[in-house]
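Just below is one structure, and these are the notes that go with it.
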Amino acid sequence: MLTLVAVLLAFPALIQGCGNRPAGARVVNGQDAAQHSWPWQISLRVRGRHICGGTLIRPDWVLTAAHCVDRNPVPSGYTVVVGGHRRRGTTSVQQTFNLKKLIKHSGFSMQNLKHDLALLQLERPVSLSDKVNVACLPTADAIVGSKCYITGWGRTSGGGPLPDILQQAMLPVASHSDCKAKYSIADAKAHLCAGEARAAASGGCNGDSGGPFVCEEGGRWVVHGAVSFGKRNCPTTHYTVFARVNSYLDWINNNIGGSPTGGPPTPPPPQTPPPPTQEPPPPTQAPPPPGCQDKWGTRMCQLYKKYACSHPAIRNLCKRTCNLC
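In structure tokens:
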């Protein structure tokens, strides 16, 4: 199944946090995925046609592969579909977005396929829910887990048609030495390899490029890879190679304004007030009444203030920040 040949409804999801899947979402190797079971999966399209996958990592940012946009790195050439399940048809939560910005890693080269990552900024933030959510970014020193999955609308066999329904498969992580034996250009820092490298196993294929390789960590799902390349005709005797996300956290966060270890961006430190010029300020006011609290947490309410205070379902969770007391 499943790589290009080498060549916040809205905010409850953020309240729960990144990397959450709907309750009861099932996983069966190499088969159709249950609808909305991978809520961060997106479809990158050109004139309505699916060309690559990607991962929603912020309400307005998608992580995909650089080779998916290498030929035409212009935002107006692409749209992103979130909440989709079939390549053809729609779902009740499906949304289509134009791009505001496209950032391809400047070090990407088709010669060695290193730095195969791109960031896509959507024209507006996605309405998040349990069916559409963001995946967590890893930490810089993250160790890839053992329960990891690839998802996408890639071909289920080399040369075969693209499936209509989103596909999923569990892939074990391979050692770098084993991967290097299959692909001489494999780089330990830039790449992550997964698969069983045997006949009739699962793997990636054309159409999966840029899509997520996620692993479960403490009940949340973390994106460790973006599908980069594989062998011609997608034989499962070879590994699927991914761009290793935790090697590029600085690049990602410098561009999207996130924290260096993934997760929501860190709010700026408070400014130091100017020295008093007259009388000292009055004593600190009494704390607000019990009903005037940020149930979501002051940090999160402040961080997402412009979204929270404009969303009817979220305001009551941020009463203090939204001045509703």
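Heads up: the sequence shown runs through residues -17 to -1, 1 to 308, numbered per mature numbering (1 follows the signal peptide of the UniProt record, and there is no 0). From the three backbone atoms N, C-alpha and C, an ideal C-beta is built for every residue, glycine too.
Nearest-angstrom beta carbon gap, residue j and residue i [assumed within contact, 8 angstroms]
i	j	result
V205	A152	That pair is no contact at about 18 angstroms.
L100	I239	About 12 angstroms separates the two Cβ atoms, so there is no contact after all.
K87	Q104	The pair is not a contact, with the Cβ atoms about 13 angstroms apart (cut-off 8 angstroms).
Cα-Cα separation, residue i to residue j
i	j	result
D170	P155	18 angstroms
C284	K278	9 angstroms
R32	T73	14 angstroms
V228	C308	43 angstroms
G2	V115	10 angstroms
H159	F91	20 angstroms
L(-16)	T304	The pLDDT assigned to L(-16) is 40, lower than 50, so where the model puts this residue is not dependable; a value taken from the coordinates is nonetheless given after this. Between L(-16) and T304, the C-alpha separation is close to 45 angstroms.
E179	D161	10 angstroms
W136	N306	45 angstroms
A164	K97	17 angstroms
T281	C292	13 angstroms
L175	C131	12 angstroms
D113	W23	10 angstroms
V197	K288	29 angstroms
A8	V210	Because the pLDDT at A8 is just 49, under 50, the model does not fix this residue reliably, and the point stays unresolved.
C51	G37	10 angstroms
R167	Q14	For the record, residue 167 in the displayed sequence is Ser; it is not Arg. In a straight line, the C-alpha of S167 is about 31 angstroms away from that of Q14.
D124	W234	15 angstroms
G66	G60	21 angstroms
R138	A16	14 angstroms
Neighbourhood of residue i by C-beta, 7 angstroms cutoff - its chain only, sequence neighbours within 5 removed
i	result
T62	R28, T79, F80, N81
I126	none
G245	Note that G245 scores a pLDDT of 46, beneath 50, so its modelled location is shaky and nothing firm can be said.
C275	K302, R303, C308
Q18	H68, T74
G193	L27, C35, G36, G37, T47, A48, C51, A209, V210
E199	G128, K130
R203	G(-1), C1, G2, N3, C119
P56	L85, K87
Residue span of the beta strand (DSSP E) that contains residue i, given as start and end
i	result
L175	174 to 177
C35	32 to 41
W204	203 to 212
Y132	131 to 135
Q276	No beta strand (DSSP E) holds Q276; DSSP gives it neither H nor E.
W44	44 to 47
S26	24 to 29
V64	62 to 65
Short CB-CB distance (under 9 angstroms) between residue i and chain D
i	result
I34	Within the model displayed, chain D is absent; a lone protein chain is all it includes.
Delimiting residues of the alpha helix (DSSP H) encompassing residue i
i	result
A157	A157 -> no alpha helix (DSSP H), and no H or E assigned at all.
N238	232 to 239
Beta bridge counterpart(s) of residue i as assigned by DSSP
i	result
P146	P146 pairs with nothing; no bridge assigned.
L105	L82
P195	A209
T223	A177
C119	V205
Neighbourhood of residue i by C-beta distance below 8 angstroms, restricted to the same chain and skipping five residues each side
i	result
R69	D147, I148, L149
F225	H174, L175, C176, A177, F196, H207, G208, A209, V210, S211
D53	K87, F91, M93
beta-carbon residue i near the ligand GDP non-hydrogen atom, thresh 8 angstroms
i	result
H98	Among the components modelled here there is no ligand, and therefore nothing to report on the ligand GDP.
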